[in-house]
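In what follows, a single structure is set out as structure tokens and then discussed.
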């Protein structure tokens with residue numbers, strides 16, 4: 001599968017990847033059409049596959065799950081006509097916590113037929129006790145169809161003693177640990193839940209007489225919906241055409257720990273998180289970076305496309321001119337299978353090309369959002385030097401990424417993370433650049449609106465990938481040998 | 001066909017479209033691999049289809065022609081292995097001067113078997129006397145297989161009295177009128193030609209011991225080739241492994257008329273034309289625009305992606321901050337078939353979303369490369385106003401587009417061009433914006449390096465789309481009723 | 001789906017259809033290759049879809065399930081290489097007892113992961129209490145993935161209290177009612193079971209050091225396996241490389257009721273059932289028919305292809321010459337979508353054509369295997385008369401089909417069966433033929449080797465489709481309103 | 001290509017293969033639908049590819065050419081709707097006289113745009129001077145698009161000095177040598193031609209107010225058309241809605257030489273040739289065989305399916321019982337790619353299985369239509385002996401095939417023909433059978449209705465494959481080194 005349906009950004013192998021986006025609508029004609037549009041707007045959260053389940057009073061539940069982009073699948077009249085009704089949910093995914101080999105049965109939403117009717121769920125996040133739950137459920141006689149951690153939820157629901165589906169879902173979710181933002185549906189209800197710490201985003205919107213749930217606000221915009229509010233950490237909303245939005249709190253209250261990397265990279269710049277524009281936050285990171293790590297240079301150049309807002313902020317704050325020194329090939333949606341060894345080494349050129357005339361002879365500040373393995377940073381540095389740059393200074397819009405994420409983000413093993421094994425100076429030497437600076441954790445917290453920086457006693461966000469402080473114990477991974485940061 | 005393989009940028013219906021890119025390599029192992037890479041880098045010149053012909057001393061000629069993107073077709077080992085040999089040429093196209101219904105037989109390169117061996121040709125441009133030539137050739141007994149104007153060339157070659165293929169090509173090209181940059185091949189030779197006025201680009205590069213011909217320099221970069229020089233207007237180069245590059249001049253000398261729109265929009269910003277960086281030229285257009293048409297405002301915002309360099313130039317010259325007020329969906333490679341009427345009106349949101357937090361309450365300068373029908377400009381203006389902008393000022397990096405191109409660019413009929421029927425002030429009212437200004441023709445000429453502006457007696461470029469002054473009489477079109485600009 | 005993957009014999013809509021074939025191999029290299037061959041030989045038992053599961057000590061379980069013919073799917077090296085190992089089972093199906101819309105999740109073998117390891121099962125037959133079982137299992141928290149009755153078995157196994165998989169299967173099968181011949185596998189064992197009455201066939205074979213289970217002997221021939229014996233009614237065999245074939249008897253003994261229609265139509269003529277050649281049995285039916293219902297005629301002509309052996313027997317016994325009066329189009333593997341109303345009426349001509357020169361002026365005996373709805377018989381009669389036959393006499397190699405089958409055969413609703421609503425004479429008039437005669441039930445029993453005919457007190461076979469005497473009460477169907485034959 | 005689209009009968013590699021079937025209709029609504037049906041009925045004449053061209057007064061010419069079976073391509077409403085109009089022709093082909101690699105541009109009908117309008121042609125047969133013609137045409141400047149000999153005709157037509165298309169076709173056909181039955185069309189005319197000796201068949205039919213041309217009568221039956229007469233050798237018919245059928249004789253008269261192998265194998269048994277039923281002719285061959293080469297045996301068994309009529313005749317004449325000793329797998333439409341060496345040797349079992357119970361202990365007469373390489377005969381003999389036959393006697397319904405055909409039949413090189421290198425007794429030993437007998441040439445002529453046998457001075461048919469007497473000199477082949485039979 002991976003050969004046929006490679007990740008959208010081969011060159012972005014060197015990025016952390018958000019694993020999923022979720023979207024649901026109730027109370028509009030042809031709800032699945034809205035879901036298709038919403039998933040298209042959330043495609044950056046998962047490019048491998050997508051699925052939609054709809055319900056119609058006459059036709060019942062229908063579903064379609066496909067590998068590939070939303071725009072290539074959920075656009076044909078013939079397919080969309082098989083998904084009628086005023087209620088639908090959908091999911092895009094990058095990959096699951098499951099097995100490597102992608103299979104259509106791993107594509108969400110998952111559907112279960114219960115005694116009192118069917119339900120479908122779509123999950124963004126990752127359960128940290130899924131392995132243990134799975135073993136327990138199999139012991140009791142459940143048959144798993146996928147390798148996904150998310151399937152546990154539907155089996156827990158099937159075995160719940162509660163009478164109605166929302167209560168069964170509460171029952172099930174009290175057994176799971178980890179991060180989850182869930183959009184689910186029954187025949188008449190659209191349901192949204194966020195885990196007690198609210199690690200992953202989920203927002204509520206209004207479109208005409210209908211209601212929308214979405215991972216990000218950018219997907220409200222595409223269907224012309226208005227943002228109502230964010231679903232709160234630990235909140236479950238049950239939305240029906242009859243009763244509107246009802247809110248319950250199934251979990252014990254905990255301090256919120258929203259993923260700070262959503263601000264840095266995952267979310268789209270035109271989304272609003274916690275009342276703040278993601279674009280503006282990123283621009284502000286650039287401003288903070290320019291203040292924390294100034295440098296004499298002739299050109300501030302973003303690593304496209306994610307480094308652009310921070311580069312604009314850096315240029316503005318530093319007074320150094322901003323320019324597009326690296327041009328991205330617009331047609332690089334999927335990988336180019338390099339046919340010969342000779343050509344393989346040209347990899348990065350398939351996606352990026354240096355704007356030689358702009359770079360030549362200049363001292364260049366390259367602004368990127370993060371350094372993961374460092375492989376891409378090295379190649380870009382080489383291209384810039386080949387084009388005749390006088391100096392290369394990397395400025396990174398996030399602190400060093402030194403710890404893997406277990407809450408729904410695809411990260412390499414810890415050993416592969418450059419910052420897990422090197423100091424900043426070692427990394428600079430490894431990349432052979434004139435300077436390499438990361439924004440500080442406090443600077444990042446300031447940029448996301450915490451004027452006083454990080455509260456080290458009780459951090460305002462989940463920043464485990466930078467700090468190694470995991471707000472939920474990753475118990476399955478510890479079982480498999482992962483070692484937490486030693487207490488200091 | 002058009003339903004299955006829509007233009008890559010549905011939203012860019014409102015752009016002029018370059019119709020073709022050509023690329024050829026001789027003297028390297030597996031030349032077709034290089035051609036695939038080169039075509040990938042030229043994909044912006046034609047997204048509908050692509051083809052490659054290769055020649056191998058043992059396997060002879062082989063070809064593959066496919067609809068869709070290069071990266072989706074010419075990437076599989078199994079296909080590329082059918083194209084062996086040290087000599088290959090390729091072509092990407094948007095659409096041809098032929099019939100509407102796309103057919104694989106219209107996809108270039110075209111191949112002909114002559115008495116002295118086969119030849120393949122790939123053509124960028126358009127022949128203005130193709131209809132007349134076609135009638136004449138059919139009268140003489142030629143069988144046309146495609147609806148393409150370019151096929152005339154191969155039939156003219158077949159009927160030439162000359163002994164070898166390059167001479168037959170000279171013979172044929174002396175009969176055609178219009179714009180052409182051609183890459184062709186025989187069993188042992190790679191051939192490049194530009195029409196006497198050099199309307200379309202063609203450059204010569206060197207990769208290892210081999211030679212490359214390409215529409216643009218950005219496609220040299222991707223294979224690590226060095227730019228040697230441009231093929232000159234009216235020049236034919238015949239390249240063989242034995243004799244290297246030989247240059248002939250088959251045509252009567254004429255003043256060069258390179259397409260000025262290549263600078264404005266068609267070419268990639270990282271290409272070099274006539275020694276000038278396209279990016280830098282576009283930035284300079286922005287500088288000129290800011291000087292010619294200043295405005296009080298709070299934000300300079302590009303219409304992505306083509307307006308970005310001019311917006312950077314405008315911001316720099318005007319001192320108004322630059323910001324990404326419009327965010328482009330990265331996954332919009334092909335069209336999204338809008339499934340319902342209700343959603344159809346949301347069209348533009350599938351591709352672009354406004355960065356509301358940045359725009360709100362601001363006086364915004366929108367910098368775009370051109371206005372063709374004006375349909376897109378209206379929609380963008382509405383989105384910007386919906387997002388709460390205080391004022392909207394359009395600045396356009398080209399003069400009003402008032403005349404169709406007959407030299408290889410897909411333009412709407414004259415009546416559809418906004419500038420053909422309205423004054424600038426009428427256009428401003430039509431778009432309902434606070435101001436609308438275009439760069440002057442002289443300003444554009446200055447930006448492309450003509451310090452003294454346009455020489456109105458003998459313009460240094462082809463600018464027929466702006467001026468209506470056609471350097472080659474479009475005789476087929478006049479036959480069909482097209483009216484030239486009245487002499488003043 | 002049904003439009004894309006129509007039944008193989010559109011013209012054979014007027015036949016009863018066997019729903020499944022099963023095949024399994026243990027103890028040979030690349031067992032899945034053998035299974036593919038076996039399923040190809042069993043394709044007549046199910047043309048809609050096929051699936052294979054294999055197990056390899058290193059690679060674990062792998063599966064592939066596809067719509068369409070075995071030869072079109074399970075033949076590519078690339079697919080077969082994904083199914084490694086010395087143990088594999090497979091299934092072909094016509095349609096299931098499930099919902100109308102075919103879905104890949106309904107294609108067997110089904111796989112379940114249990115606490116002690118995985119198992120896969122393939123089922124030929126039909127469970128008559130599946131609806132009730134399904135309701136019970138859902139109440140207990142099982143999640144069904146398919147609409148197939150067979151999935152009940154795997155859920156019952158998952159919930160069994162027994163320790164190993166064969167015992168869990170025994171446990172599960174004691175809860176089901178109806179007809180089943182099952183081929184199943186664990187990581188190390190190949191398992192075969194027949195229901196207590198042995199309604200559907202299942203045979204054991206030997207190939208090299210390995211063992212084979214197959215619905216019919218013709219699939220042993222294709223892989224060069226030797227027939228060992230039939231699995232007995234109510235027997236379960238558990239075959240491992242270590243212990244060879246072990247036999248258990250999980251069920252209370254009952255009189256055997258093998259489906260008599262397997263002799264008449266379902267099984268391939270080159271298979272052996274109960275030591276008798278199916279071809280010879282059918283020829284003998286023709287002999288019996290000629291004795292029971294003699295007629296003066298000039299030509300005995302089979303309705304191809306299934307009527308041929310009986311026609312040969314009839315011709316031999318009657319002394320009337322045998323001839324191929326109806327020629328079958330060899331390329332009629334799948335349906336021809338008739339494009340216009342005008343052509344729709346030509347339906348039968350797409351598959352059959354009359355050999356006019358042979359038929360003209362003759363009194364023709366047409367020998368067919370069965371009459372279901374009678375629609376085909378009418379069309380054939382018309383073709384024969386159009387071709388100039390003097391008389392048409394139908395001789396049918398089975399008794400009137402007056403009752404639906406609930407044991408794994410796709411039959412129309414009772415009202416659609418011609419013999420359910422008409423007497424023999426009414427049928428003759430309905431078909432407008434000179435004579436119409438069916439073999440008697442006793443004659444059929446004699447032909448299958450019961451010299452004394454049918455034992456009406458305890459029939460030696462299941463002949464419910466002729467007699468209405470159902471050996472297993474079809475409880476789900478009675479729940480849905482089906483009325484059994486009134487006691488006489 | 002050959003791996004993806006193998007011959008329909010892999011096992012029939014050991015047969016001669018007719019290369020093409022042609023069909024055309026004028027004067028009916030949606031003529032292309034009739035052509036699709038006709039081609040389906042002619043599928044046995046060419047399984048590799050098919051094409052249809054239609055003409056509609058409004059929509060002009062349209063065409064569709066596809067690899068694969070008619071029923072798999074020309075059945076979708078969406079495709080057939082692209083082929084409107086009251087006039088259409090079609091073609092099925094096995095392979096052409098062209099290059100090995102199949103390409104869609106080799107699939108007929110071929111279309112040419114002439115000064116006075118377009119024409120399409122479909123050709124059954126083979127031109128024996130195509131190589132020389134092709135060279136000449138290329139010298140004059142024609143561009144060939146295919147590797148097919150038939151394309152010469154359209155280029156000759158394009159260069160004709162005549163004024164209308166039928167006259168241009170006459171002009172062109174006077175330059176070609178070899179065998180041809182052609183169905184062609186202009187905007188208003190359907191044209192049929194047979195070469196002066198009438199080697200390949202072509203018949204005229206009537207359907208409603210319209211007219212039909214077809215290779216065989218079986219394709220008239222499928223659309224309910226009536227046979228009017230055969231097109232005569234050397235006749236051209238030009239059919240228009242206005243003037244009906246007009247007949248001309250463009251060639252010098254010659255003795256007719258209809259291909260005798262059409263009677264033996266190529267044509268469908270339900271077709272009528274020269275007023276004789278093909279089935280009856282084949283049955284009569286069996287009768288002749290039984291008279292010429294009697295044998296004591298217990299069973300006459302056809303090699304399915306082509307040997308059946310002769311076997312019936314042999315059984316009837318000899319009094320030995322007829323039985324289906326070999327059963328054919330109905331699902332063997334295309335090849336089964338044997339995945340392992342071990343299984344490869346089972347090849348023949350994929351298509352045929354021996355009806356062991358019938359064969360065992362018997363002296364078997366196997367009746368086959370021809371022996372080409374002898375490879376299949378050997379395998380069948382082995383299967384029959386493995387099944388326990390006491391004796392195996394081959395009776396062949398044609399004389400020894402000792403010479404290749406150059407008139408539109410795909411034959412192996414002469415060296416590969418068993419009868420080219422061995423005597424009858426050597427062949428018997430090679431096949432290791434108890435006896436092997438072929439019908440005599442005279443016997444064959446008697447069976448096709450020549451009561452006096454073959455006229456050796458001027459044979460009534462083309463029988464070059466048996467006699468080596470070629471009625472048209474195969475000049476291209478002689479150029480390539482083929483040696484004619486030495487004069488005796």
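Residue numbers (UniProt numbering), protein chains in the order written: chain A, 1 to 488; chain B, 1 to 488; chain C, 1 to 488; chain D, 1 to 488. Every residue gets a Cβ at the ideal spot worked out from N, C-alpha and C, and that includes glycine. Note that the structure is predicted; figures quoted are calculated from it, not measured.
query = Taking a cut of 7 Å between CB atoms, which residues from the segment 155-166 of chain B lie near chain D?
reply = 155, 158 and 159
inquiry  = Short of 6 Å in beta carbon distance, which residues of its chain neighbour residue 175/D, apart from the five on each side in sequence? Order them along the chain.
reply    = 156
CB contact check: residue 270/A to chain B, cutoff 7 Å = The Cβ of residue 270/A sits closer than 7 Å to at least one Cβ of chain B.
Minimum length 4: unbroken alpha helix (DSSP H) runs contained in the segment 94-145 of chain B = The alpha helix (DSSP H) runs lying completely inside the segment 94-145 of chain B and spanning 4 residues or more are 130-139, given in chain order.
query = Is any beta-carbon of chain A found at less than 7 Å from that of residue 115/C?
reply = Output row for residue 115/C: interface = yes.
key: Through-space distance from residue 290/B to residue 370/B, alpha-carbon basis   = 16 Å
task = Check distances from the C-beta atoms of the segment 302-329 of chain B to those of chain A and list, in chain order, the residues that come in under 8 Å.
result = Within the segment 302-329 of chain B, the qualifying residues are 305, 308, 309, 312, 316, 321, 322, 323, 324, 327 and 329.
ask   = Any C-beta of chain B sitting closer than 7 Å to the C-beta of residue 353/A?
value = yes
Those residues which DSSP pairs with residue 65/C across a bridge = 51/C
ask   = Measuring CA to CA, which of 297/C, 375/C, 351/C and 422/C is closest to residue 360/C?
value = 297/C
key: Sequence-distant residues of its chain with Cβ nearer than 8 Å to residue 469/B (five each side left out)   = 459, 463 and 485
ask   = When the Cα of residue 56/D is compared with those of 112/D, 28/D and 87/D, which residue comes out closest?
value = 87/D
query = On the premise that residue 307/C lies in contact with residue 419/C, defined as a C-beta separation below 8 Å, what is that separation, rounded to the nearest angstrom?
reply = About 18 Å; that fails the 8 Å criterion.
ask   = So what does DSSP say about residue 361/C, is it helix, strand or coil?
value = coil
key: Cβ-based burial, residue 329/B [other Cβ within 10 Å; buried from 16]   = Note on residue 329/B: 16 or more other CB atoms within 10 angstroms of its CB, so buried under the neighbour-count rule.
task = Starting from residue 358/B, find everything on chain A with Cβ-Cβ shorter than 7 Å and list it in chain order.
result = 277, 279 and 280
query = With a cut-off of 7 Å, does the C-beta of residue 218/B fall near any C-beta of chain A?
reply = yes
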